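Novice: If you're matching them up, the sequences are chains S and G in order. Just so you know, we're using the numbering used here here: the first sequence kicks off at 7 and counts up by one. Just so you know, we're using the numbering used here here: the second sequence kicks off at 7 and counts up by one.
Number of protein chains: 2
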Amino acid sequence: MNTADIDTPALVVDLDAMERNLARMATFARERGLRLRPHAKMHKSAEIARQQIAAGAVGVCVQKTAEAEALAAGGVNDILITNEVVAPRKLARVARLALQLAARGGQLGLAVDSSEGVAALAAAMEGTPATLDVYIEIDVGHGRCGVAPGEPAVALGRQVASHPRLRLAGLQAYHGRAQHQRTLAERVATIAAATQATALTRDLIEAAGLGPLCITGAGTGTFALEAASGVWHELQAGSYLFMDADYAGNEADPQAPVFEHALFIKAQVISRQADRAICDAGHKSHAIDSGLPRVAWPEGLTFANGGDEHGILRAAQPGGPLPAIGETVWLIPGHCDPTVNLHDHLIGVRGGLQAGQVERSIRVDARGALT
Amino acid sequence: MNTADIDTPALVVDLDAMERNLARMATFARERGLRLRPHAKMHKSAEIARQQIAAGAVGVCVQKTAEAEALAAGGVNDILITNEVVAPRKLARVARLALQLAARGGQLGLAVDSSEGVAALAAAMEGTPATLDVYIEIDVGHGRCGVAPGEPAVALGRQVASHPRLRLAGLQAYHGRAQHQRTLAERVATIAAATQATALTRDLIEAAGLGPLCITGAGTGTFALEAASGVWHELQAGSYLFMDADYAGNEADPQAPVFEHALFIKAQVISRQADRAICDAGHKSHAIDSGLPRVAWPEGLTFANGGDEHGILRAAQPGGPLPAIGETVWLIPGHCDPTVNLHDHLIGVRGGLQAGQVERSIRVDARGALT
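What follows is the structure, encoded as structure tokens:
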């Protein structure tokens, strides 16, 4: 099957580009002696997670218990839930999954940021023969979850260490907003502050005899900075594999590998007016939380929001050509993660978008896995 | 099962409120002698479509062939695709579905706005024993799809009428942007212009001996205006059933019934900091294309975007109370349609959100139906 035969709209992965990205990040981590634990909330696919692990990743991250369950069902054995889970029924699932992964020689990890959360987790793990890797999430400036760095994190560490079924594994130290700060100088300053807070907290907890800690975090926009800090042991970047339109707006960091766009929406023009062409891809086919998609091909077109099921294409230059009814348009989504979550399958192609071949369908195992 | 037992995040329908909305719109249309054909792109559920039809709707609208197939499989017999379909493989599916619905005593309709589209449709229908209802989509000011009103629409009407398997059924005349114009005066002016363009086009086509035409269109923000115009025969509003946070920002039209919010996200607080509570519902659980959700309960909270899987709740008044870890939060999504599309099931409850009972799970049959 040729790429020309893919029905629209469809989410298409350029496998050649994806595998180059995968290898570049694996090499980056290996050369620096760092662990790579890519965030699978981006691709939600057990098949891709296994490919990352085969290339050297220690495991993957997820945000939700249901994502961890879906990837474990697909053969992924080492999973860190980089998020808080506090509901007793969910924690019972966490405990079951920890046991299941341990039986396969794997490991489950979970972030905590409250005394209530640790108590509920300990209660859920009581009586199971497995142990859970627990990471204290500290707020390194992102302003979302995370206990304050320093003494509050030490107190939480003591609480974790007091429970026999919980192993204090490390610190979850991720600065999400830094990923999209446009200038390198802003990102350098933000990660410098995060580094200081993280190192201080690590030193206090290790001085209390509760170490050694694995420091985990970093995303696609900043991982070279965390890697260079000497503080982080493990990188969680996920978007590097597909690269969305939004990341292309960042000033590049010369210390980071260059990643290529590997995720595209194939769309078709279904209506033509004098000043615009309308395609069949709206925001039910791609997420727009981080901006609209860019038109990868044909060149010279802008994309405007046409609602749930339409995109409006205009010539970037007045009088420039517009595609005809029936023609194909390739879009680069603004944000990979929630875009993938709108689709049940990714269509993996080789040999380029225009004249390539469809190699395989990749299941989005954790699509809609919210709980 | 009580509403307290619903795992989070989940999409919950207040069935009492939904059924009041359903009855109010059915009464509105019946009292004016108008046909009601609610847009099912909003709920994507065959069960809800059948409930609307049982209350008097003539059928439903959808935007995609795959949506029509999913609802037809769920027992819906009269479906209008209010959108252009031009790909030959998709049109072959349209032809099959037309035949299938006709065999059940139902009917399929499709919008067209180009000569190329009509030719491709006629080719797909050739040789089938069914006829397809074809609606000329005219651009009444929305600026998306649609042929220009007046002579261009007449030419397209002649082309449709020349094909024995196509029945020129009417005009698709919908102004999407008008739905969210905030003042009633703006909406009145916009629909007045749309009315003029639609009536002119209708008169020209009927004068050419190609009538009578059914004029179909209107959404939740303007339907009382189209209803009062004397031009529209059929109303396509969909959001009235659930009502999203965005529609609540419109100045009310005293001629329209009052609809209630009936769709909610149940979420849970998973992290607490001094100035904020973080809940487990981000934009993978609700669409934010038309703005962030509103917090329905507890009162006095604002919602800030916390990314894919988090919402950040702050006190609207400085020093106001914040919910504790583990507490429930109810959100009203900014935009129903793409929010429903993120979920496989809606959880239907009776007796209110806080202390009600779960009555049933409603399948989102056309979730992800993009093609």
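In this text, a Cβ means the ideal position worked out from N, Cα and C, and glycines have one as well. Note that the coordinates shown come from a computational prediction; the quantities given were computed from them, not determined experimentally.
Pick out whichever of G/T377, G/G354, G/R373, G/A361 has its Cα sitting closest to the Cα of G/L17.
Specialist: Stepping through the second sequence from its first residue, residue 17 of chain G is reached at position 11. Of the candidates G/T377, G/G354, G/R373, G/A361, the one whose C-alpha sits nearest the C-alpha of G/L17 is G/G354.
Novice: I need the boundaries of the alpha helix (DSSP H) containing G/N89, first residue and last residue.
Specialist: In the second sequence, residue 89 of chain G corresponds to position 83, counting from 1. Premise fails: G/N89 is in no alpha helix (DSSP H) and is neither H nor E.
Novice: For chain G, find out if any of its Cβ atoms is closer than 8 Å to the Cβ of S/D22; answer yes or no.
Specialist: The residue given as residue 22 of chain S occupies position 16 in the first sequence. S/D22 does not count as touching chain G.
Novice: How would you write the range of the alpha helix (DSSP H) that G/I54 sits in, first residue to last?
Specialist: Reading the second sequence from its first residue, position 48 is the one you call residue 54 of chain G. Counting along the chain, G/I54 sits inside the alpha helix (DSSP H) bounded by residues 52–60.
Novice: Against G/T316, what residues of chain S qualify as contacts under a CB-to-CB distance less than 9 Å, listed in chain order?
Specialist: Here residue 316 of chain G corresponds to residue number 310 of the second sequence, with the count starting at 1. According to the sequence provided, residue 316 of chain G is His. The question's Thr does not apply to it. Near G/H316 (Cβ distances below 9 Å), the residues of chain S are Q69, N89, R150, C151.
Novice: Determine whether the beta carbon atoms of S/A130 and S/A101 lie at a separation below 8 Å.
Specialist: Here residue 130 of chain S refers to the residue found at position 124 of the first sequence. Here residue 101 of chain S refers to the residue found at position 95 of the first sequence. For S/A130 and S/A101, yes; Cβs fall inside 8 Å.
Novice: Would you please state the rounded distance, in angstroms, between the beta carbons of S/K47 and S/V68? I believe it to be under 8 Å.
Specialist: Sequence index remark: in the first sequence, residue 47 of chain S carries index 41 (1-based). Sequence index remark: in the first sequence, residue 68 of chain S carries index 62 (1-based). Contact flag correct, Cβ pair sits at about 6 Å.
Novice: Could you round the C-beta distance between G/G115 and G/A175 to whole angstroms and report it? I think they count as a contact, below 8 Å.
Specialist: In the second sequence, counting from the first residue as 1, residue 115 of chain G sits at position 109. In the second sequence, counting from the first residue as 1, residue 175 of chain G sits at position 169. Between G/A175 and G/G115 the Cβ distance is about 6 Å, and since that is below 8 Å, they are a contact.
Novice: What's the call for S/R300, buried or exposed, on a 16-neighbour Cβ count within 10 Å?
Specialist: In the first sequence, the residue the question calls residue 300 of chain S occupies position 294. Looking at its Cβ environment, which holds 16 or more other Cβ atoms inside 10 Å, S/R300 is buried.
Novice: Nearest by alpha-carbon distance to G/Q261: which of G/A251, G/T71, G/S235 is it?
Specialist: Numbered from its first residue, the second sequence carries residue 261 of chain G at position 255. Ranking the options by Cα distance to G/Q261, first place goes to G/S235.
Novice: Restricting to runs no shorter than 4 residues, where is the alpha helix (DSSP H) found entirely within the region 69–155 of chain G?
Specialist: 71–79, 94–109, 121–131
Novice: Taking 7 Å as the cut-off, is the C-beta of S/P135 nearer than that to any heavy atom in the ligand ZN?
Specialist: Ligands displayed in this structure: none; no statement on the ligand ZN is therefore possible.
Novice: What residue from G/D22, G/A293, G/P155 has the CA that sits closest to G/T201's CA?
Specialist: Position 195 of the second sequence, counting from 1, holds the residue named residue 201 of chain G. Of G/D22, G/A293, G/P155, the residue nearest in Cα terms is G/P155.
Novice: Determine the contact status of G/L328 and G/A321, defining contact as a CB-CB distance below 8 Å.
Specialist: By 1-based counting over the second sequence, the position of residue 328 of chain G is 322. By 1-based counting over the second sequence, the position of residue 321 of chain G is 315. For G/L328 and G/A321, yes; Cβs fall inside 8 Å.
Novice: My output table needs one value for S/N334: the three-state DSSP class, helix, strand or coil.
Specialist: Translated into positions along the first sequence, residue 334 of chain S becomes position 328. As written in the sequence, residue 334 of chain S is Thr, which differs from the Asn given in the question. If DSSP states are grouped into helix, strand and coil, S/T334 belongs with the strands.
Novice: Give the DSSP bridge partners of S/F309, in chain order.
Specialist: To locate residue 309 of chain S, count along the first sequence from 1; it is residue 303. S/L319.
Novice: At a cut of 8 Å, does the region 243–263 of chain S reach the region 211–223 of chain S through at least three beta carbon pairs?
Specialist: no
Novice: Run the CB neighbour count on S/S51, radius 10 Å, all protein chains shown included, and call it buried at 16 or more, exposed below.
Specialist: In the first sequence, counting from the first residue as 1, residue 51 of chain S sits at position 45. Counting the other CB atoms within 10 Å of its CB gives S/S51 a total of 16 or more, which places it among the buried residues.
Novice: Measuring CA to CA, which of S/R110, S/V153, S/A79 is closest to G/I276?
Specialist: Position 270 of the second sequence holds residue 276 of chain G. It is S/V153.
Novice: Please name the residue, chosen from G/Q185, G/C151, G/R193, G/L376, that lies closest to G/G123 on a Cα-to-Cα basis.
Specialist: Mapped onto the second sequence, residue 123 of chain G falls at position 117. Of G/Q185, G/C151, G/R193, G/L376, the residue nearest in Cα terms is G/C151.
Novice: Find the nearest neighbour of G/T228 within the set G/T204, G/L219, G/H267, G/H181, judged by alpha-carbon distance.
Specialist: The sequence position of residue 228 of chain G within the second sequence is 222, counting from 1. Checking every option, the nearest Cα to that of G/T228 belongs to G/H181.
Novice: Would S/L28 and S/L247 qualify as a contact pair, given that the criterion is a beta-carbon distance under 8 Å?
Specialist: Within the first sequence, numbered from 1, the residue matching residue 28 of chain S stands at position 22. Within the first sequence, numbered from 1, the residue matching residue 247 of chain S stands at position 241. A contact, by the Cβ cut-off of 8 Å.
Novice: Give the interface partners of S/D13 over in chain G, defined as CB-CB distance under 8 Å, in chain order.
Specialist: Along the first sequence, read from residue 1 onward, the residue named residue 13 of chain S stands at position 7. Those within 8 Å of S/D13 in chain G are A93, R95, K96, T377.
Novice: State yes or no: is the C-beta of G/H267 within less than 8 Å of the C-beta of G/T345?
Specialist: Along the second sequence, read from residue 1 onward, the residue named residue 267 of chain G stands at position 261. Along the second sequence, read from residue 1 onward, the residue named residue 345 of chain G stands at position 339. Cβ atoms of G/H267 and G/T345: not closer than 8 Å.
Novice: Is the Cβ-Cβ distance between G/V92 and G/T71 less than 8 Å?
Specialist: Reading the second sequence from its first residue, position 86 is the one you call residue 92 of chain G. Reading the second sequence from its first residue, position 65 is the one you call residue 71 of chain G. For G/V92 and G/T71, no; Cβs fall outside 8 Å.
Novice: S/D22 by DSSP, collapsed to three states: which one?
Specialist: For the purposes of this step, residue 22 of chain S is taken as the residue at position 16 of the first sequence. S/D22: helix per DSSP, three-state reduction.
Novice: Residues bridged to S/W238 by DSSP?
Specialist: On the first sequence, position 232 is the one that residue 238 of chain S refers to. In the DSSP output, where bridge partners are listed per residue, S/W238 has none listed.
Novice: Ignoring anything shorter than 4 residues or poking outside the region 212–264 of chain S, list the alpha helix (DSSP H) runs there in chain order.
Specialist: 229–235
Novice: Residues of chain G with CB closer than 7 Å to the CB of S/R320, please, in chain order.
Specialist: Walking along the first sequence from the start, residue 320 of chain S turns up at place 314. Within 7 Å of the CB of S/R320, no CB atom of chain G is found; the nearest one sits about 11 Å away.
Novice: Using the Cα positions of S/P94 and S/L127, report the straight-line distance between them to the nearest angstrom.
Specialist: As a working note, residue 94 of chain S is residue 88 in the first sequence. As a working note, residue 127 of chain S is residue 121 in the first sequence. When rounded, the distance between both Cα atoms is 8 Å.
Novice: Which residues of chain S have a Cβ atom closer than 7 Å to the Cβ of G/S291, listed in chain order?
Specialist: Start at 1 with the first residue of the second sequence, and residue 291 of chain G comes out as number 285. Result: L376.
Novice: Around the C-beta of S/P135, are 16 or more other C-beta atoms found within 10 angstroms, so that it is buried, or is it exposed?
Specialist: In the first sequence, the residue the question calls residue 135 of chain S occupies position 129. Burial call: exposed.
Novice: Report the CB separation of G/V166 from G/V237 in whole angstroms; it is logged as a contact under 8 Å.
Specialist: Position 160 of the second sequence holds residue 166 of chain G. Position 231 of the second sequence holds residue 237 of chain G. 20 Å between Cβ atoms; not a contact.
Novice: Starting from G/E157, follow the alpha helix (DSSP H) in both directions and report where the run begins and ends.
Specialist: Translated into the one-based positions of the second sequence, residue 157 of chain G becomes position 151. Unbroken alpha helix (DSSP H) run through G/E157: 157–167.
Novice: At a CB-CB cut-off below 9 Å, which residues of chain S make contact with G/R349?
Specialist: Position 343 of the second sequence holds residue 349 of chain G. One detail in the question is off: residue 349 of chain G reads as His in this sequence, not Arg. In chain order: G374, L376.
Novice: What whole-angstrom Cβ distance do S/R30 and S/F309 have, given they're in contact under 8 Å?
Specialist: Translated into the one-based positions of the first sequence, residue 30 of chain S becomes position 24. Translated into the one-based positions of the first sequence, residue 309 of chain S becomes position 303. Contact doesn't hold; Cβ gap of about 28 Å is too wide.
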